[in-house]
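When we follow UniProt numbering, the leftmost residue of the sequence shown carries the number 1, and every step to the right adds one.
Virtual Cβ for every residue (Gly too), placed ideally from N, Cα, C.
Notes for the one structure printed next.
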Amino acid sequence: MCRSASPLNRNLAVGNAPDVSPGSSTGTDNSWDLGGDWPLAGTDPSAVTGPRAADGSVPASDFLRPASGVDVGARL
1 MCRSASPLNR
11 NLAVGNAPDV
21 SPGSSTGTDN
31 SWDLGGDWPL
41 AGTDPSAVTG
51 PRAADGSVPA
61 SDFLRPASGV
71 DVGARL
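Have a look at this one:
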């Protein structure tokens, strides 16, 4: 990211040290902007490795979503 001005929005970093080195990138509502700990609601990868919906999409799940319900990170 040190050579990119990419926007970083609503990303989730868990157990990283340091959380992020954004360089010239900008961002908002990321877990490192909000602070605190980020326990996860689910870590079972079967939601993304299992069968897909008829339209090819990944079924909704709590995989890698914050246990607190805060809207940070990818929605699968």
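With respect to the C-alpha of T26, the residue from D62, N11 and A74 having the closest C-alpha is N11. The beta carbon of D33 sits closer than 8 Å to those of G27, all from its chain and outside the five residues before and after it, given in chain order. For L64, there is no enclosing beta strand (DSSP E), as DSSP marks it with neither H nor E.
In the displayed model, T49 falls within a helix according to three-state DSSP. Rounded to the nearest angstrom, the Cβ distance from L64 to G56 is 20 Å, too far for a contact under 8 Å.
Judged by DSSP in its simplified three-state form, L40 adopts strand. The alpha-carbon separation between S4 and G36 amounts to approximately 27 Å.
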